[in-house]
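Chains R and Y are the protein sequences, given in the same order.
Taking numbering that gives the first Met the number 0, the leading residue of the first sequence gets 0, the next gets one more, and so forth.
Taking numbering that gives the first Met the number 0, the leading residue of the second sequence gets 0, the next gets one more, and so forth.
Heads up, the beta-carbon is just placed ideally off N, CA and C, and yes, glycines get one too.
Comments concern the structure below.
2 protein chains.
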Amino acid sequence: MQRLIWTVIAAFAMAIVLGPIVIPWLKRMHFGKEIYELGPQSHKKKQGTPQMGGIIFAVPALIATLAFCYKDGRWDFLLYVLLSAVGFGLIGFADDFLKVKRHAAEGLTPRQKMLPQIVIAIALSVWAYLNPNIGGTWTVPFFNVTWNLGWFYIPVMLFVMVGTVNSANLLDGLDGLLGGCSLFDFATMALICVAMAAADPANAGEYLNVGIFAGAMVGGLMGYLRYNSHPARVFMGDVGSFFIGGALVGVTTVTRLSLLLPVIALAMVVSSLSDLIQFAYFRATHGKRFFKMAPLHHHFELSGMPETQIVAMYYIVTVVLCLLALLNFVA
Amino acid sequence: MQRLIWTVIAAFAMAIVLGPIVIPWLKRMHFGKEIYELGPQSHKKKQGTPQMGGIIFAVPALIATLAFCYKDGRWDFLLYVLLSAVGFGLIGFADDFLKVKRHAAEGLTPRQKMLPQIVIAIALSVWAYLNPNIGGTWTVPFFNVTWNLGWFYIPVMLFVMVGTVNSANLLDGLDGLLGGCSLFDFATMALICVAMAAADPANAGEYLNVGIFAGAMVGGLMGYLRYNSHPARVFMGDVGSFFIGGALVGVTTVTRLSLLLPVIALAMVVSSLSDLIQFAYFRATHGKRFFKMAPLHHHFELSGMPETQIVAMYYIVTVVLCLLALLNFVA
Numbered sequence: 000m001q002r003l004i005w006t007v008i009a010a011f012a013m014a015i016v017l018g019p020i021v022i023p024w025l026k027r028m029h030f031g032k033e034i035y036e037l038g039p040q041s042h043k044k045k046q047g048t049p050q051m052g053g054i055i056f057a058v059p060a061l062i063a064t065l066a067f068c069y070k071d072g073r074w075d076f077l078l079y080v081l082l083s084a085v086g087f088g089l090i091g092f093a094d095d096f097l098k099v100k101r102h103a104a105e106g107l108t109p110r111q112k113m114l115p116q117i118v119i120a121i122a123l124s125v126w127a128y129l130n131p132n133i134g135g136t137w138t139v140p141f142f143n144v145t146w147n148l149g150w151f152y153i154p155v156m157l158f159v160m161v162g163t164v165n166s167a168n169l170l171d172g173l174d175g176l177l178g179g180c181s182l183f184d185f186a187t188m189a190l191i192c193v194a195m196a197a198a199d200p201a202n203a204g205e206y207l208n209v210g211i212f213a214g215a216m217v218g219g220l221m222g223y224l225r226y227n228s229h230p231a232r233v234f235m236g237d238v239g240s241f242f243i244g245g246a247l248v249g250v251t252t253v254t255r256l257s258l259l260l261p262v263i264a265l266a267m268v269v270s271s272l273s274d275l276i277q278f279a280y281f282r283a284t285h286g287k288r289f290f291k292m293a294p295l296h297h298h299f300e301l302s303g304m305p306e307t308q309i310v311a312m313y314y315i316v317t318v319v320l321c322l323l324a325l326l327n328f329v330a
Numbered sequence: 000m001q002r003l004i005w006t007v008i009a010a011f012a013m014a015i016v017l018g019p020i021v022i023p024w025l026k027r028m029h030f031g032k033e034i035y036e037l038g039p040q041s042h043k044k045k046q047g048t049p050q051m052g053g054i055i056f057a058v059p060a061l062i063a064t065l066a067f068c069y070k071d072g073r074w075d076f077l078l079y080v081l082l083s084a085v086g087f088g089l090i091g092f093a094d095d096f097l098k099v100k101r102h103a104a105e106g107l108t109p110r111q112k113m114l115p116q117i118v119i120a121i122a123l124s125v126w127a128y129l130n131p132n133i134g135g136t137w138t139v140p141f142f143n144v145t146w147n148l149g150w151f152y153i154p155v156m157l158f159v160m161v162g163t164v165n166s167a168n169l170l171d172g173l174d175g176l177l178g179g180c181s182l183f184d185f186a187t188m189a190l191i192c193v194a195m196a197a198a199d200p201a202n203a204g205e206y207l208n209v210g211i212f213a214g215a216m217v218g219g220l221m222g223y224l225r226y227n228s229h230p231a232r233v234f235m236g237d238v239g240s241f242f243i244g245g246a247l248v249g250v251t252t253v254t255r256l257s258l259l260l261p262v263i264a265l266a267m268v269v270s271s272l273s274d275l276i277q278f279a280y281f282r283a284t285h286g287k288r289f290f291k292m293a294p295l296h297h298h299f300e301l302s303g304m305p306e307t308q309i310v311a312m313y314y315i316v317t318v319v320l321c322l323l324a325l326l327n328f329v330a
């Protein structure tokens, strides 16, 4: 646990230092955000805020992980999680980079964005299926039974991975929203990894290393939030939200806790669901809207709730759900 | 730990339900805040926001503690902490109540406010000194040595108690500031109590019960922050800040961790210190100001930093300091 705390603090310190270096550089390079034309009117003032700020937490999280992970332990799981985070993060980076080059709100086309995600997700699903310690199984939280999905695991995980990454991307719509909510998720997963290491000594090294990474994400995000807190001086961009999505789904895959995602990451799930409901309702009713705007946090915004109160509400609900999830893993 | 988590959730649920009942009632009773005439100009818009919202977390915290504490265990420490919180809280309540009755920014006179604080602090200091498990000692964090202060303990603790309560009161100047910072403090102390219970089986019941109370404060404050997040719909008032100060100093006294206060509650300490520096400098220079305004958070505000960013910064620093404090108590 001491090592975990030092990991958090090291990643935090690096992110705090990186912020004032990266933000002016992003501004100089004209990595300012072109605000999505269909977003709320009140977001117009956010035009020009630099994006791609995700590197403020991603780079420190990676460095702190490599510095503090147990090198003598096994690190199959850690490698898996790092590839998931970096793999999806690079897609986001490509998207951000093209947005800036073209000075448009859209970078990659939807197809260009989806295809590499599917490739990475299939590769990661097959890898997990073939790994003897994961092997196509989920642990069902609150019941503590192992559910073997067989080969069906691969298409299901493809859906879970692509779904999580894009849900994280959708949740990144208000100052501090995705950064804070996912910080609580990673803190929860770090503690769960410590508990799983204690419960399974044979694989303790694997779990502890994944916990170190989750802790590094907590620290990096704490530092990032210093600069992303309302009114935000930087946005994480797709590089940030894809990195977070990839990291989170990686951690839950190796711990076989994908079923915990709808609990601790409910905020992401409702973002996607509200988007789907809005789209389906719009189609079915030939033009009526179910929410004032999707994803759900924009609905609250247009209902007159201040941005900072919405973010606080999402934080509080997420913390309560994370506490419920932790009930499984403590005496 | 499961019991602790349930305590947090129970207190949270009560506070969430209590908010929409208490806030309109406070408004109807005209418990609106008269903004301090010497505060920042930008705070004028906060005029009329109901105060005395401290009952939104104090009452749930007390009920959850009584519901979840270990009744078969020893509860000397818990009784001590509850009397400290309620005792100081009642002074704050009297102050709030008189402010409303008189429609003024000041309720009790400084002397009327200070005298009962000193009486309670002396009583609690003597009690702690006479309790064989506390007995005038402090544990020095990071060195793990016991420091016996002898009878000197009583005047020192008088200073610590009155200082903590008034520092909490000073920190309560921005939306979510004291509520959030003290939430992290109580979460830290709850975990430390669990660790101390494991390390000292003979007194485990005492520490666990204090931990339950700290957890109940975490839950109550989480619920309260739902309504106090910027822009705040309710302020905690003196009843809230005095209750928090009394609760926090009570918890650190029975765990002999008063020396941890400058770490986990640094935000409170700098609030008091900046006030003292401002006053002393003003006197010494015959009218010059060291800070643009004291306490320190108002200095940041007048330096152009948005309120929400200041609060985020205080949160982040407090979390890092709490993590450092936890290093003492984990393997």
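- Closer than 7 Å at the C-beta level to chain R, one finds these residues of the region 290-311 of chain Y: Pro305, Thr307, Gln308, Ala311.
- For Thr64(Y), the enclosing alpha helix (DSSP H) stretches over residues 54-67.
- Put simply, the CB of Pro49(R) is far from chain Y, with every gap to its CB atoms at 8 Å or more.
- Counting along the chain, the unbroken beta strand (DSSP E) around Thr136(R) starts and ends at 136-139.
- Within the region 155-235 of chain R, not a single complete beta strand (DSSP E) segment reaches 3 residues in length.
- Residue contact check for Val118(R) against chain Y: no CB pair falls below 8 Å.
- Under the three-state reduction of DSSP output, Thr307(R) falls in the helix class.
- Beta bridge pairing from DSSP links Trp146(Y) with Trp137(Y).
- The residue among Met216(R), Leu272(R), Asn202(R), Met160(R) with its C-alpha nearest the C-alpha of Phe185(R) is Met216(R).
- What Ser228(Y) touches in chain R, judged by beta-carbon distance under 7 Å, is Thr307, Gln308, Ala311, going in chain order.
- Cβ contact annotation for Gly239(Y) (same chain, cutoff 6 Å, sequence separation greater than five): Gly53, in chain order.
- Sequence-ordered contacts of the region 10-31 of chain R with chain Y read Phe11 [C-beta pairs closer than 7 Å].
- Not a single C-beta of chain Y is nearer than 8 Å to the C-beta of Gln277(R).
- Under the 8 Å Cβ criterion, the region 197-216 of chain R counts as touching the region 60-77 of chain R, having at least three qualifying pairs.
- Listed as beta-bridge partners of Pro19(R) by DSSP are no residues whatsoever.
- Look at Ile211(Y): its C-beta is not under 8 Å from any C-beta on chain R.
- The alpha carbon of His42(R) has as its nearest neighbour, out of Ala167(R), Leu173(R), Pro131(R), Asn227(R), the alpha carbon of Leu173(R).
- With respect to Leu295(R), Ser257(R) sits apart: the two C-beta atoms are not nearer than 8 Å.
- Taking the C-beta atoms as reference points, Asn130(R) is found no nearer than 8 Å to Phe241(R).
- Listed by position along chain Y, the residues whose Cβ is nearer than 8 Å to that of Arg255(R) form an empty set, because the closest Cβ is around 22 Å away.
- Taking 8 Å as the CB threshold, Val262(R) stays off the interface with chain Y.
- Annotation for Arg255(R): no alpha helix (DSSP H) segment contains it, and DSSP assigns it neither H nor E.
- Any Cβ of chain R closer than 8 Å to the Cβ of Gln1(Y) would place that residue at the interface, and such an atom is present.
- For Trp126(R), the enclosing alpha helix (DSSP H) begins and ends at 109-129.
- The C-alpha of Leu3(R) is placed about 22 Å away from the C-alpha of Leu323(R).
- For the set Pro305(R), Lys26(R), Val319(R), the Cα lying nearest the Cα of Val7(Y) is the one of Val319(R).
- For Lys98(Y), the enclosing alpha helix (DSSP H) has its first and last residue at 75-101.
- None of the residues of the region 186-203 of chain Y has a beta carbon lying less than 8 Å from any beta carbon of chain R.
- Those residues of the region 315-330 of chain Y placed with their C-beta closer than 8 Å to a C-beta in chain R are Ile315, Val318, Val319, Leu322, Leu323, Leu325, Leu326, Val329, Ala330, ordered along the chain.
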